[in-house]
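Notes follow the structure.
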Amino acid sequence: MRPYDAFLLISFGGPEAEDDVIPFLENVTRGRGIPRERLAEVGEHYFLFGGVSPINGQCRDLLASIRADFTEHDVDLPVYWGNRFWAPMLTDTVRKMAEDGVRRAVALSTSAYSNYSSHRAYLDDIERARAEVGPGAPEIELIRPFFDHPGFIGPLVDHTVQALERLPEEKRAGARLLFSAHSVPIAMADASGAPEQGYGAGGAYVAQLEEAARLVAERVGGEHRYDLVYQSRSGPPSQPWLEPDINDRLEELAEEGTEAVVVVPYGFVSDHMEVKYDLDNEARETAEKLGLAFERALSPGTHPAFVRMVRELVAERAQGAERVGLGTLPGCPEGSADCCAQR
């Protein structure tokens, strides 16, 4: 018996028109008591782009690439897509899957790391959607975080090299790499990962970010100094969040004599709004003000290695399912890692 009869991509979602912006932000912040004035302030980021977040279009592109790759490699799984906060909503997608007769699906979230907001929340949303659909809802198994998978690291390496090559030639050798990820409350980061794994300060989230940065920097050549930086903080000033903020670190680097930086948005799988605004807009403006040459690497997006990784992770998860009597998918790799090691 084949272990899965569908593949599901789960993403954050984003507005696709100006009228969508505030309702979308209300979905994201529901229950948190965020003032409407703050929502309007954040909404201005979207209005700069006509109210359209890039993320849904990027998901459509990724889905098209996954379907083509599945077809080429004889992976006979229909592909579905559901978002956490905007259409297509996850609950609606799970309902459609049930109507189509799907009984067990393998899902991938557009987030590579272990943390509540980047992994656990997706598991919670899956269970919430299944509960809303009712007894006919399919079982849905979420693929592990993939922060160190070659299909994630490889595209980041390629895109970092390309960004370095866009710098003025005389400034490339001394360019600093800034690996940027979404900041979260320190307490949330500390709680990420299983306690018995003993990650310490920053939990699994920071440990995985450190490892991914090391892997990319090493494969770029190893001669560039690098820093982990954070972006997109949204909490109250009284609550400690992961630091340094990318803009603060840019100011420090300028004072230290750095002349050029390449920002690597390795906390994200696509160039969505937080990349387009927080990095391409705010961080670039900071760098220009400081006289720093600035380039931003692309995220993995639809890089062929990233698309191939999706198929490999589906096969890996299926191999784990086989060990408990659920069968296998065509093309399961030999000796792949335990797919349930990260939750």
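Residues 101 to 443 (my numbering) make up the sequence shown, in order. By construction, the Cβ of each residue, glycine as well, lies at the ideal position given by its N, Cα and C atoms.
- Beta-bridge annotation (DSSP): Trp186 is not paired with any residue.
- Burial check for His372: the Cβ neighbour count within 10 Å reaches 16 or more, so the residue is buried.
- As the crow flies, the alpha-carbon of Ser218 is around 34 Å from that of Glu356.
- Scanning Leu208, Ile240, Gly322 for the CA closest to the CA of Met197 turns up Ile240.
- At the C-beta level, Ala207 and Leu242 come within 8 Å of one another.
- The DSSP-derived three-state label of Pro255 is helix.
- Distance between Pro235 and Ala313, taken at the CA atoms: about 43 Å.
- Ala360 places its beta carbon 8 Å or farther from that of Ala205.
- Contact between Gln331 and Asp345 holds: their C-beta atoms lie close to 7 Å from each other, under 8 Å.
- Where Gln331 is concerned, the enclosing beta strand (DSSP E) starts and stops at 326-331.
- DSSP lists Tyr330 as the bridge partner or partners of Asp345.
- Rounded to the nearest whole angstrom, the C-alpha separation of Glu382 and Lys376 is 9 Å.
- In the three-state reduction of the DSSP assignment, Ile286 falls in the helix class, which pools H, G and I.
- Taking Ser399 as the centre and dropping the five residues before and after it, the same chain places the C-beta of Pro365, Phe368, Val369, Ser370, Asp371, Val375 closer than 7 Å to its C-beta, in chain order.
- Within the segment 214-253, the complete alpha helix (DSSP H) segments of 4 residues or longer fall at 221-233, listed in chain order.
- In this structure the segment 384-399 does not touch the segment 120-132; the number of beta carbon pairs closer than 8 Å is below three.
- Per DSSP, reduced to three states, the secondary structure at Ser209 is strand.
- Look at Ser111 here: in three-state DSSP terms it is strand.
- The alpha-carbon separation between Ala231 and Val362 amounts to approximately 44 Å.
- In terms of Cβ geometry, Leu328 and Ala289 do not form a close pair [threshold 8 Å].
- In the three-state reduction of the DSSP assignment, Leu398 falls in the coil class, being assigned neither a helical nor a strand state.
- Using a Cβ distance threshold of 8 Å, Gly114 and Ser153 count as a contacting pair.
- Straight-line spacing of the CA atoms in Arg333 and Val284 works out to 7 Å.
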